[in-house]
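Every number in the working numbering is 236 more than the matching position in the sequence shown, counting from 1.
What follows is a single structure, written as structure tokens, with notes after it.
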Amino acid sequence: MRRSTSSSDSSIREESGMSESNISEKREVGDEERVIGLEGTNRPAKEEDIVPFGRAQSRGRRSQDRRSLVRFESHHSRAGADGYTWHHDGDKSSQRPNRAKAGVVTPDPYLVSFDGDADPENPRSMSSLRRWAIVLICAASSLCVTCTSSLYTSTYSQIEPEFRSSRLVCTLGLSLFVAGLGAGPMVLSPLSEFFGRRPIYIGSFTFFLIWLIPCAVARNIQTMLIARFLDGLAGSAFLSVAGGTVGDMFAKHELSAPMMVYTASPFIGPEIGPLIGGFIVENTSWRWCFYVLIIWSGLQLFLIVLFVPETYHPVLLRRKAIRLRKETGNQEWIAPIEKLDRSIAKTVLWSCIRPFQLLFFEPMCLSLCILSAILLGILYLFFGAFPLVFRTNHGFSLSQVGLAFLGLFVGMLTGISTDPIWRRVYGRLVRQHEAQGGEPGGSEPEFRLPSTILGAWVVPIALFGFGWTTYSSVHWIVPIIFSGIFGVGVIWVYSGVFTFLVEAYPVYAASALAANSFARSYFAAAFPLFGVQMYNNLGYQWATSLLAFLALAMAPFPILFFRFGKRLRGNSKFASA
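Okay, here's the thing in structure tokens:
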């Protein structure tokens, strides 16, 4: 039987280049990771290094197990770390480590792990076709949720007189839905740690479908607003948990393309919403907008139930441990997740605290979250700005205003199509890192930022171009072209930011993404509430220029993090060194 041991502090220093002070700061978290079998070493242990539990009682039974079973040391999957160790800092007593003496960890020889990526129980062993099918189902579900957020904006012209509400009150239906998208990951992400991703998908999307029904049959604005918030809350799983599914199924070198598809889908959805809604509302009742969404979400739920399996590594390892205990009769086989003694309430509490810790104490996370939040806020503000610009200046109908969003849609698709270029850039940076004496095939999180660096400058240029072409004397295609360039920049920014956060905060990846989701969603909820007033008071040109200046103020930060990110991570207790 192969057994594992913890690495010594000297080997950690050799492999990571960390200073003595950094090692002492990170020792607590590192030790806890080794306790649950996440240190990522594959070196077999010597017999004398192991101090197993209950040696006298189970020596004969273990000898029998050695002949029939081979145990491989657990590896630390980046996706498997989604929120997996959030509670360590605050709940050290919840662990049950096997320590021979202070600072020395004695590993458990019966800790269950995957037999490499080829293990049939490992999601990464699935065929490429099946993995991509799962990615596309998750992306389409995310697309459905975000399309639901913006399709609602096409109903204003009918629900205002029917519900006797003002435009601002009706806009709350958009803001509350997006606020629900931001709040949901705080609860749904940690729940996926206990129950896995598949139950969260099925449960949340079922409630997403249910809460569309009162929206479709609402008789007053109060029903609409409450149902919209709860609908956004339920649908948020595919804006948080689904990112982990992508990482579960793809190794690091394969991650870029599927992550780009998943990242883009939430931002393509808002452009499709007004396009569909404009034609529906122009030809029939606004209620058919929600009937169409009910049909779509029902189809997505059907696909999820049939074709999306469980992919969360710790839960799969728990199933494997249960199977091994049943097959061998040896009750000492244990999965890493089973060594944790924690409550659901405490985990949810930490999931609500940790994202704000990252926002308050991590300058890289805070700055990139603000940049992301401004961009999504501008995108949602455009749902009020586009009707003003194109109906007032160019006499567009409601369906034509929806078609104007095709500029953003095409721009985002163009951004997605440039993924091979950014992968080549990433590969070149890795090769340069190797040439400078780095680990062969080694990478740094900052190597994911070139697309963000360029996109952060493309966005303000596009906004200035859009703003100063919003004159009736300028052909309508010109501002639409600039909106497409804005879409390209948004995709470039987000593709780099999401992947950087996952790699820079591997242990707290889910918390980092939850912090980003929270900031983005609440900016997106707030911007539409003042967008129309700002455009009316400042004028179309200066209102858009103000948004461009906000984006321009954040543009230098990705460059700074590309150059100095490694140093900042070295001084952080949350980021990888």
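Don't be surprised by glycine CBs; every beta carbon is placed ideally from N, CA and C.
Expected contact under 8 Å - CB spacing of residue i and residue j to nearest Å
| i | j | result |
| --- | --- | --- |
| A609 | F759 | 4 Å |
| A375 | S501 | 4 Å |
| G815 | L491 | Here the chain covers residues 237 to 813 and nothing more, so residue 815 does not appear. |
| V724 | V694 | 6 Å |
| S533 | F632 | Not really, about 29 Å apart at Cβ, beyond 8 Å. |
| W522 | Q394 | 4 Å |
| M485 | I370 | 7 Å |
| G509 | S378 | Not quite, the Cβ-Cβ distance comes to about 13 Å (not below 8 Å), so this is no contact. |
| A751 | C605 | 6 Å |
| S687 | W658 | 5 Å |
| L634 | G514 | 5 Å |
| G815 | C383 | Past the edges of the chain, shown from 237 to 813, lies residue 815, and the structure says nothing about it. |
Where the alpha helix (DSSP H) through residue i begins and ends
| i | result |
| --- | --- |
| Y207 | Only positions 237 to 813 of the chain appear in the structure, and residue 207 is not among them; the question remains open. |
| H549 | 549 to 564 |
| T384 | 364 to 387 |
| E568 | It is not in any alpha helix (DSSP H) - E568 carries neither H nor E in the DSSP assignment. |
| K488 | K488 -> no alpha helix (DSSP H), and no H or E assigned at all. |
| P794 | 792 to 806 |
| Q536 | 523 to 543 |
| I697 | 686 to 703 |
| W658 | 655 to 671 |
| V637 | 634 to 640 |
Beta carbon of residue i nearer than 8 Å to that of residue j
| i | j | result |
| --- | --- | --- |
| A698 | F683 | no |
| A692 | A755 | no |
| I530 | G651 | no |
| R433 | T583 | no |
| Y776 | V625 | yes |
| L595 | L602 | yes |
| P696 | A784 | yes |
| F641 | E518 | no |
| G638 | S402 | no |
| C525 | L387 | yes |
| W569 | L576 | no |
| E680 | K562 | no |
| L644 | F592 | no |
| S440 | G479 | no |
| L552 | E398 | no |
| L537 | T442 | yes |
| A452 | Y527 | yes |
| D655 | A779 | no |
| G678 | H669 | yes |
Sequence-distant residues of the same chain with beta carbon closer than 6 Å to residue i, five excluded per side
| i | result |
| --- | --- |
| R799 | none |
| T499 | Y730, S731, F734 |
| L412 | L461, R464, F465 |
| S708 | N629 |
| S757 | V414, L417, G418 |
| K556 | V348, E357 |
| I614 | L783 |
| Y616 | A760, F763, P764 |
Same chain, Cβ closer than 7 Å to residue i, neighbours up to 5 away in sequence not counted
| i | result |
| --- | --- |
| D353 | R360, S361, A487 |
| I436 | L424, L427, S428, A473, V477 |
| P450 | T459, A463 |
| L685 | G732, F736, P794, F797, F798 |
| S834 | Absent from the structure is residue 834, since the part of the chain shown begins at 237 and ends at 813. |
| V541 | I438 |
| S808 | E598 |
| L469 | G416, A419, G420 |
| R554 | A571, I573, E574 |
| F430 | I580 |
| Q293 | A caution first: Q293 carries a pLDDT of 40, below 50, which makes its placement in the model too unreliable to give a value. |
Sequence-distant residues of the same chain with beta carbon closer than 8 Å to residue i, five excluded per side
| i | result |
| --- | --- |
| L804 | P599, M600, F797, A811 |
| S781 | L699, F700, G703, W704 |
| L765 | L404, T407, L408, S411 |
Q.
What ranges does the alpha helix (DSSP H) occupy inside the segment 734 to 785, keeping only unbroken runs of at least 4 residues that lie completely in it?
A. 745 to 774
(Q) Threshold first: 4 residues or longer. Then list the alpha helix (DSSP H) segments lying entirely within the segment 397 to 472, N to C. (A) 403 to 431, 433 to 453, 457 to 471
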